[in-house]
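Number of protein chains: 2
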Amino acid sequence: MKQVTIHAPATVANLVCGFDVLGMCLNEPYDIMQVKLLDKREVIISSADGYNLPSDPALNTAGAPLLSILEEVKESIGFEVIINKQIKPGSGIGSSAASAAGSVAAANHLLGDIFSKEDLVRFAMIGEKVASGVKHADNISPCIYGGVTLIRSIFPLDIVPIPSPSLYVTVVHPQIEVRTSDARQILRKEVLLKDAIRQWGNIGGLVAGFIKNDYDLIGRSLEDVIIEPVRSMLIPGFDEIKQQCKSAGAMGGGISGSGPSIFMLSRDKATAENVKNVMKEIYDRIGLAHHLYVTTINHEGVKITED
Amino acid sequence: MKQVTIHAPATVANLVCGFDVLGMCLNEPYDIMQVKLLDKREVIISSADGYNLPSDPALNTAGAPLLSILEEVKESIGFEVIINKQIKPGSGIGSSAASAAGSVAAANHLLGDIFSKEDLVRFAMIGEKVASGVKHADNISPCIYGGVTLIRSIFPLDIVPIPSPSLYVTVVHPQIEVRTSDARQILRKEVLLKDAIRQWGNIGGLVAGFIKNDYDLIGRSLEDVIIEPVRSMLIPGFDEIKQQCKSAGAMGGGISGSGPSIFMLSRDKATAENVKNVMKEIYDRIGLAHHLYVTTINHEGVKITED
Numbered sequence: 001m002k003q004v005t006i007h008a009p010a011t012v013a014n015l016v017c018g019f020d021v022l023g024m025c026l027n028e029p030y031d032i033m034q035v036k037l038l039d040k041r042e043v044i045i046s047s048a049d050g051y052n053l054p055s056d057p058a059l060n061t062a063g064a065p066l067l068s069i070l071e072e073v074k075e076s077i078g079f080e081v082i083i084n085k086q087i088k089p090g091s092g093i094g095s096s097a098a099s100a101a102g103s104v105a106a107a108n109h110l111l112g113d114i115f116s117k118e119d120l121v122r123f124a125m126i127g128e129k130v131a132s133g134v135k136h137a138d139n140i141s142p143c144i145y146g147g148v149t150l151i152r153s154i155f156p157l158d159i160v161p162i163p164s165p166s167l168y169v170t171v172v173h174p175q176i177e178v179r180t181s182d183a184r185q186i187l188r189k190e191v192l193l194k195d196a197i198r199q200w201g202n203i204g205g206l207v208a209g210f211i212k213n214d215y216d217l218i219g220r221s222l223e224d225v226i227i228e229p230v231r232s233m234l235i236p237g238f239d240e241i242k243q244q245c246k247s248a249g250a251m252g253g254g255i256s257g258s259g260p261s262i263f264m265l266s267r268d269k270a271t272a273e274n275v276k277n278v279m280k281e282i283y284d285r286i287g288l289a290h291h292l293y294v295t296t297i298n299h300e301g302v303k304i305t306e307d
Numbered sequence: 308m309k310q311v312t313i314h315a316p317a318t319v320a321n322l323v324c325g326f327d328v329l330g331m332c333l334n335e336p337y338d339i340m341q342v343k344l345l346d347k348r349e350v351i352i353s354s355a356d357g358y359n360l361p362s363d364p365a366l367n368t369a370g371a372p373l374l375s376i377l378e379e380v381k382e383s384i385g386f387e388v389i390i391n392k393q394i395k396p397g398s399g400i401g402s403s404a405a406s407a408a409g410s411v412a413a414a415n416h417l418l419g420d421i422f423s424k425e426d427l428v429r430f431a432m433i434g435e436k437v438a439s440g441v442k443h444a445d446n447i448s449p450c451i452y453g454g455v456t457l458i459r460s461i462f463p464l465d466i467v468p469i470p471s472p473s474l475y476v477t478v479v480h481p482q483i484e485v486r487t488s489d490a491r492q493i494l495r496k497e498v499l500l501k502d503a504i505r506q507w508g509n510i511g512g513l514v515a516g517f518i519k520n521d522y523d524l525i526g527r528s529l530e531d532v533i534i535e536p537v538r539s540m541l542i543p544g545f546d547e548i549k550q551q552c553k554s555a556g557a558m559g560g561g562i563s564g565s566g567p568s569i570f571m572l573s574r575d576k577a578t579a580e581n582v583k584n585v586m587k588e589i590y591d592r593i594g595l596a597h598h599l600y601v602t603t604i605n606h607e608g609v610k611i612t613e614d
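One line per chain: the protein sequences are X and C, in this order.
Take 1 as the starting number for the first sequence in the working numbering and just add one per residue.
Take 308 as the starting number for the second sequence in the working numbering and just add one per residue.
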């Protein structure tokens, strides 16, 4: 039967000021997934990476969206998925989104590209629901579309690709666990109107900065007066890292998704490497194990690599 | 002594989803102001229009910013301003902003353009404080810069010009009084996080739509789940006008500033005229006196017309 290999990249949701609406695709790390078309209506998930993820497809982030795809097609087909996960679960750089987006994009390719990108986001969101209890699209969308995406509205789904310059991204993933559901629960249900106004100024600024290639504006707009002050308390060394990275030349940055990873944007590779060293120094001093990535914005999204 | 005539145009603040951060400049109506350089440190304000505005410069929207300019220059100079107001005070299309922006832009011209546009916004905001008690810049900025502007931040002031397509704007000004201070007071100090998220999706969408000339996206993003539901209750016929104008082909629209004017964007003149007829019909039926304008986005802002 037909089989493809797909690379499903990591993503940074929220982009500081754009809680639940903005997201950005990274070139590294990425999951590698093999997806095979079966001639039976079943979904088989297996792991090639040692992560202990649920093998019941209905409970698996990659499996649940494929079950939904099967509901949409009449043929007697199924999918077998082998996941080689490179994006650590719980890192806050879209590990579950990569599984969900990768499986649906691969399945669509095997089916002859019968679904649109927006359809794929809808299917993949079912995987996010399995992973975190919430059907959100701020990691899924950039993973499928590439680049920076805005979720203008989730009901009805309205995804707006935002053109962006080629920027370097430094990510540090401290080895602590922040569950998405916990990170959501500590947020207040109400926010001050004056804070919301400040936030929407920044979102407008960030979107304009990306489209206009205005690096200074991007940097100034990477400010979050609502979510970051609360969530950053869950991440050791956050304030120091942010301050020191900006002193080292980063344009700005903050919590990636619901954390614990922290991301920083830089104009060039040398700065991004300096930023990485700053992060490493601080976490080495604190004595916190961590992973570091220096990468770039991925304008392409999920990628079929072998047919 | 030197004298200039300046046209200070009307502006639409908020642009539905961008409360306190977005604004747009109109080609019509505009105030006509004559500003003369005096050789004495004084500011004289007089009116050529019959509106009963304060003649004490410290209490006048055009005068107070000029007093601030005098504090910044050492020379023994002053200004005489004759205002021919065409933008009705209290209309919600930036009448006070036009007085303030027009007087400072004319003064700057007479002084040899010693101040930047951003400086002019700072001075003119003093006029807004006199008019409404709040130093806001969402009408001032588009009046001075032209086009669509985003106030990313008010402290520190950060104005972002947003490129926009040439759109038609229909405005109806029902003859009722909505005081800016009252319109502000009825707003809740806190908003639901989920509503704020929806709002920032729309702001991102509107900014992207303007820059990318994406008319559909602009239309979809002209949605306000926070301010409009409250303020629209102060404007008779609001819901019907909005709905009927959209049925007549308008891309979308809503309350201009704090009202009572309602604005609608259209792609072409014929649609903008249809929209005007819809507005007229509804207010004629209700029996509410009103003024109507069909105009376009003004990409230039305040304009010196005679030297």
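Glycine included, C-beta positions come from ideal geometry on N, C-alpha and C.
- For the stretch 493-512 of chain C, the set of residues with a beta-carbon nearer than 9 Å to any beta-carbon of chain X comprises 494, 495, 496, 497, 498, 499, 500, 501, 502, 503, 504, 505, 506, 507, 508, 509, 510, 511, 512, in chain order.
- The beta-carbon separation of residue 460(C) and residue 201(X), rounded to 6 Å, stays under the 8 Å limit for a contact.
- Bounds of any alpha helix (DSSP H) do not take in residue 31(X); it lies within the beta strand (DSSP E) bounded by 22-38.
- Not flagged as an interface residue toward chain X: residue 451(C), since no C-beta distance is shorter than 8 Å.
- Counting the other CB atoms within 10 Å of its CB gives residue 516(C) a total of 16 or more, which places it among the buried residues.
- The beta carbon of residue 16(X) is closer than 6 Å to those of 222, 224, 254 in its chain, skipping five residues each way along the sequence.
- At least one CB of chain X lies nearer than 8 Å to the CB of residue 325(C).
- Residue burial is scored here from C-beta neighbours: residue 524(C) has at least 16 other C-beta atoms within 10 angstroms and is therefore classed as buried.
- Secondary structure remark: continuous beta strand (DSSP E) runs of at least 3 residues inside the stretch 559-600 of chain C, in chain order: 559-562, 569-573.
- For residue 513(C), the enclosing alpha helix (DSSP H) covers residues 500-518.
- Interface annotation, residue 225(X): not in contact with chain C, CB-CB separation never under 8 Å.
- Fewer than three beta-carbon pairs drawn from the stretch 270-280 of chain X and the stretch 29-39 of chain X are found closer than 8 Å, and the two stretches are therefore not classed as touching.
- Under the Cβ criterion of 8 Å, residue 207(X) is counted among the residues facing chain C.
- Residue 592(C) counts as exposed, since fewer than 16 other C-beta atoms from the protein chains shown sit within 10 angstroms of its C-beta.
- As computed with DSSP, residue 383(C) is found in no beta bridge at all.
- Inter-residue distance for residue 448(C) and residue 412(C) is about 12 Å (C-alpha atoms, whole angstroms).
- Apart from the 5 residues on each side of it in sequence, residue 467(C) sits with its Cβ closer than 6 Å to the Cβ of 457, 459 in its chain, given in chain order.
- With a beta-carbon spacing of about 5 Å, residue 353(C) and residue 389(C) fall inside the 8 Å limit used to define contacts.
- Of the residues assessed, residue 181(X) falls on the exposed side of the cut-off, its CB having fewer than 16 other CB atoms within 10 angstroms.
- Rounded to whole angstroms, the gap between the alpha carbons of residue 66(X) and residue 43(X) is 7 Å.
- The residues 168, in chain order, have a CB closer than 6 Å to that of residue 269(X) in the same chain once the five nearest residues on each side in sequence are set aside.
- When DSSP states are grouped into helix, strand and coil, residue 551(C) belongs to the helix group.
- In its chain, beyond the 5 residues on either side, 146, 147 have a beta carbon closer than 6 Å to the beta carbon of residue 299(X).
- Counting C-beta atoms within 10 angstroms of its own C-beta, residue 302(X) has 16 or more neighbours from the protein chains shown and is therefore classed as buried.
- With respect to residue 21(X), residue 511(C) sits close: the two C-beta atoms are nearer than 8 Å.
- The three-state secondary structure of residue 603(C), taken from DSSP, is strand.
- By DSSP's assignment, residue 9(X) forms a beta bridge with 30(X).
- The C-beta of residue 211(X) comes closer than 8 Å to at least one C-beta of chain C.
- Contact of residue 523(C) with chain X is not assigned, every C-beta pair being separated by 8 Å or more.
- When CB distances to chain X are screened at a threshold of 7 Å, the residues of the stretch 460-490 of chain C falling below it are 460, 465, 467, 469, in chain order.
- The beta carbons of residue 143(X) and residue 196(X) sit no closer together than 8 Å.
- Between residue 527(C) and chain X, the shortest Cβ-Cβ separation is below 8 Å.
- Two segments are said to touch when three or more pairs of C-beta atoms, one from each, lie closer than 8 Å; by this definition the stretch 335-344 of chain C does not touch the stretch 175-189 of chain X.
- In this structure, residue 35(X) sits near residue 110(X), with a CB-CB distance shorter than 8 Å.
- The beta-bridge partner set that DSSP reports for residue 353(C) consists of 389(C).
- When the beta-carbon positions are compared, residue 312(C) and residue 613(C) come within less than 8 Å of each other.
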